[in-house]
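Numbering (my numbering), first residue to last: 263 to 795. Glycine included, each C-beta is placed from N, C-alpha and C at the ideal position.
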Amino acid sequence: MLGGGVHARAIPYCRAKGKGVRGAIFGGNLAAMTEATSSAKQDPGETRSVWRFVRATRAHVVIDAAAYFALMQEAMLKARQRIHMIGWDFDTRVRLGPGRRWWNGPSRKRHPARLGAFVVWLCRRRPGLQVRVLKWNFGALKFVFRGSMVLDLVRWYFQRGIAFKFDSAHPLGCSHHQKIVAIDDSFAVCGGIDMTSDRWDTPEHLENDPRRRRPYGTRLYGPWHDLTMMVEGEAAAALAELGRKRWLRAGGSPLDPCVPQPETAWPDRLRAEFRDVEIGIARTRAAWRDADEVREIEALFVEHILRAKHFIYAESQYFASRAIAEAIAERLSQPAPPEIVLINPESADGWLEQTAMDGARVRLCHAISERDPAGRFRIFMPYNAAGTAIYVHSKTMIVDDEIVRIGSANMNNRSMGLDSECDLFIDAARPGNGHAMPAIRRLRINLLAEHTGLAREAVEEALELKPSMIALIESAPRNGKRLEPFVLRPLAEAEKAVADQALFDPERPEELFEPFSQKRGLFRRGGFLRRPK
């Protein structure tokens with residue numbers, strides 16, 4: 263198992279201009295890719311895999327939305343200039359943390375618990391505070407069916423300082439999928455958690471937890487797992503800049519940067535895992551009007567996978583990306599392949615997602631197995647102690663306890679080229695980042711402990727004796743929380759055709775209008791993966 267020593271070497275990130283990554287990555291092999299990477303200059307303004315490298319005075323990975331909602335309530339209470347929320351979805355009825363409920367009556371001293379009322383309460387008590395909320399425009403009409411949310415939006419409209427916008431600045435068929443909150447340009451969050459319903463849960467993922475219910479309803483939803491990263495300092499300022507640009511592109515009025523201030527919104531009770539660390543930021547964006555296509559996240563996934571020496575631990579809502587699957591297969595086909603463990607949900611959420619993603623996962627697994635002679639690639643699915651599947655919504659990857667990345671991008675084609683995404687990562691091999699390795703390792707151990715139901719000390723001891731996550735998972739007790747192996751189910755011919763052509767999960771917007779082109783699909787001519795039977 264890797265230790266936590268400081269690394270003298272630095273890993274430069276690829277520099278190239280142009281629109282795709284396939285020619286440079288999959289036209290050659292791992293050695294060619296490594297050579298190209300090593301010869302690249304470290305100029306973050308011109309890299310194709312990183313938008314920017316910035317320092318964070320503090321950073322912390324938050325596991326599951328119960329902690330995230332409560333911490334964000336504390337952070338927003340400390341806001342002085344601006345709260346900028348960007349998300350795929352928002353539900354103003356969700357309860358963030360402790361506070362006044364509707365039946366408690368009005369109170370000037372005690373803040374409300376619900377997001378919608380809480381924001382109004384803040385603006386009334388913080389003269390000059392700006393609140394900007396940006397949501398993907400799809401599903402705008404469903405707000406009508408969310409009961410009191412319509413009333414919240416009316417209150418927001420008439421409250422000075424609050425502005426809410428639907429974002430439609432993207433090509434047809436694309437979505438805005440980033441989940442970012444920036445406060446005073448000095449504190450920010452980026453990850454997989456939306457401030458909406460059906461997200462709140464604890465790491466215990468208890469069966470029929472009465473706290474895990476929809477707003478103003480009696481219906482419970484199932485266990486849900488997710489992650490996000492909090493940052494402070496220059497990294498937060500960079501995410502705030504990204505948010506201001508997106509707000510402007512969506513038709514909002516220009517936002518000036520916040521005035522520098524000594525204090526930040528970092529929650530007082532949160533002890534940061536990382537201090538004085540460099541953060542990398544990568545994006546996905548489809549070309550739109552005068553904005554060029556950005557595929558940094560795809561290139562970064564490939565670099566990190568090909569760089570793995572010992573292991574990769576990953577969590578993703580989907581596994582359907584051709585580029586990621588090809589990178590995994592290429593690395594597994596090389597000598598001394600790493601162990602790769604991917605945590606997926608049992609099935610995608612929703613009929614269309616199941617049609618698009620579940621079949622592609624099966625097909626890619628079959629194709630990868632032909633390039634994986636050592637059997638080092640496994641997919642596992644988490645279940646709680648009652649045997650109920652835990653839905654995995656997180657987008658996380660840890661490589662050799664040296665790299666950790668948290669973001670909004672799934673391992674599917676849409677996240678590589680259609681939807682707007684933002685991922686953060688810490689690379690302990692970068693200059694001045696060597697001290698981050700112990701915290702990255704602790705995070706991996708904590709996640710394995712959460713999913714297997716073992717104590718973190720037991721996980722750590724087992725990995726010290728035998729540094730194999732697969733062996734740990736397979737030997738863990740089956741009578742509590744556990745990880746079960748993904749079993750490849752047989753697909754009908756129609757399912758194979760839909761998956762192979764990536765009909766509902768294209769790599770570029772124009773492919774939506776050419777569904778049967780020979781230039782698209784999971785198994786393109788000249789690609790690294792062969793179409794399985």
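(request) Using the Cα positions of V283 and D554, report the straight-line distance between them to the nearest angstrom. (result) Summary for V283: the model assigns pLDDT 43, below 50, so the residue's position carries little reliability, and this model does not support an answer.
(request) Let me know if N695 comes out buried or exposed under the rule of 16 or more other beta-carbons within 10 Å of its beta-carbon. (result) With 16 or more Cβ atoms within 10 Å of its Cβ, N695 is classed as buried.
(message) Applying the 10 Å Cβ sphere with the 16-neighbour rule, what's the burial state of T480?
(response) exposed
(request) Can you give me the Cβ contacts of G289 inside the same chain, cut-off strictly under 7 Å, excluding the 5 residues immediately before and after it? (result) Below a pLDDT of 50, predicted positions are generally treated as unreliable, and G289, at 42, falls in that range; no measurement from the model is reported.
(request) Have a look at R372 and L358 and give me their C-alpha separation to the nearest angstrom. (result) Straight-line Cα distance between these residues: approximately 14 Å.
(message) Here's the rule: buried if 16 or more other CB atoms are within 10 angstroms of the residue's CB, otherwise exposed. What is D518?
(response) With fewer than 16 other Cβ atoms within 10 Å, it is exposed.
(message) Starting from E757, trace the alpha helix (DSSP H) in both directions and tell me its first and last residue.
(response) E755 to Q763
(request) Could you check if L614 is buried or exposed, using at least 16 other CB atoms within 10 Å of its CB as the buried criterion? (result) exposed
(message) Using the Cβ count rule (16 or more neighbours within 10 Å means buried), how would you classify V412?
(response) exposed
(message) Less than 7 Å between the C-beta atoms of A738 and L716, yes or no?
(response) Yes, they are a contact pair.
(request) Report the three-state DSSP secondary structure of L339 (helix, strand or coil). (result) helix
(request) Under 7 Å Cβ to Cβ from R461, same chain only, skipping five residues before and after it: list those, please. (result) A327, I455, W486 and D488
(request) Answer yes if the segment 347-361 comes into contact with the segment 432-447, meaning at least three C-beta pairs across the two stretches below 8 Å, and no otherwise. (result) Yes, since at least three Cβ pairs between the segment 432-447 and the segment 347-361 fall closer than 8 Å, the two stretches touch.
(message) With three or more C-beta pairs closer than 8 Å as the rule, is the segment 656-672 touching the segment 463-475?
(response) no
(request) Evaluate the contact criterion for the segment 315-322 versus the segment 523-540: three or more CB pairs, one atom per stretch, below 8 Å. (result) yes
(message) Could you give the first and the last residue of the continuous alpha helix (DSSP H) run that contains L489?
(response) That residue, L489, is in no alpha helix (DSSP H); its beta strand (DSSP E) goes L489 to E494.
(message) Please list the terminal residues of the continuous beta strand (DSSP E) segment that includes A527.
(response) A527 -> no beta strand (DSSP E), and no H or E assigned at all.
(message) Threshold first: 3 residues or longer. Then list the beta strand (DSSP E) segments lying entirely within the segment 701-777, N to C.
(response) Annotation: the segment 701-777 contains the following complete segments of the beta strand (DSSP E) (minimum length 3 residues), in chain order: 744-747.
(message) Comparing C-alpha positions only, which one of H713, R638 and D446 sits nearest to E577?
(response) Of the candidates H713, R638 and D446, the one whose C-alpha sits nearest the C-alpha of E577 is H713.
(request) Using 6 Å as the cut-off, classify the Cβ of A549 as near or not near the heavy atoms of the ligand GTP, replying yes or no. (result) Of the ligands one can find in the structure shown there are none, so the ligand GTP has no counterpart to examine.
(message) If you measure between the beta carbons of W383 and I543, is that distance less than 7 Å?
(response) no
(request) Tell me whether the beta-carbon of R623 lies closer than 7 Å to the beta-carbon of F563. (result) No.
(message) So, with DSSP's three-state summary, where would you put W350?
(response) coil
(request) Would you mind giving the Cβ-Cβ distance between R638 and P599, rounded to the nearest angstrom? I have them listed as a contact below 8 Å. (result) 5 Å
(request) Would you tell me roughly how many angstroms separate the C-alpha atoms of A534 and S609, rounded to the nearest one? (result) 34 Å
(request) Counting only the same chain and skipping the five closest in sequence on each side, list residues whose C-beta sits under 6 Å from that of A796. (result) The chain is shown from 263 up to 795; residue 796 falls before or after that span and cannot be answered.
(request) Return helix, strand or coil for G788, following the three-state DSSP convention. (result) coil
(request) Give the secondary structure of F400 by DSSP, where H, G and I count as helix, E and B as strand, and everything else as coil. (result) coil
(request) Can you grab the Cα-Cα spacing for the pair L734 / H467, in whole Å? (result) 21 Å
(request) With a 10 Å radius around its C-beta and 16 neighbouring C-beta atoms as the bar for buried, classify N470 as buried or exposed. (result) Exposed, because fewer than 16 other Cβ atoms sit within 10 Å of the Cβ of N470.
(request) Kindly list the residues whose CB is nearer than 7 Å to the CB of A498, restricted to its own chain and excluding five residues on each side of it in sequence; keep chain order. (result) Once the five neighbours on either side are set aside, the close Cβ partners of A498 are A444, D447, S448, F449 and A450.
(request) Starting from the Cα of I325, find the closest Cα among E772, R704, E776 and M678 and give me that residue. (result) R704
(message) As a quick exercise: from R387, P389, C385 and R362, pick the residue whose alpha carbon is nearest that of R376.
(response) R362
(request) Taking all protein chains shown into account, decide if E776 is buried (16 or more other Cβ within 10 angstroms of its Cβ) or exposed. (result) By the neighbour-count rule (16 or more Cβ atoms within 10 Å), E776 is not buried but exposed.
(message) I need the DSSP call for L580, collapsed to helix, strand or coil.
(response) A quick correction: the sequence has Tyr, not Leu, at residue 580. The answer is coil: DSSP assigns Y580 none of H, G, I, E or B.
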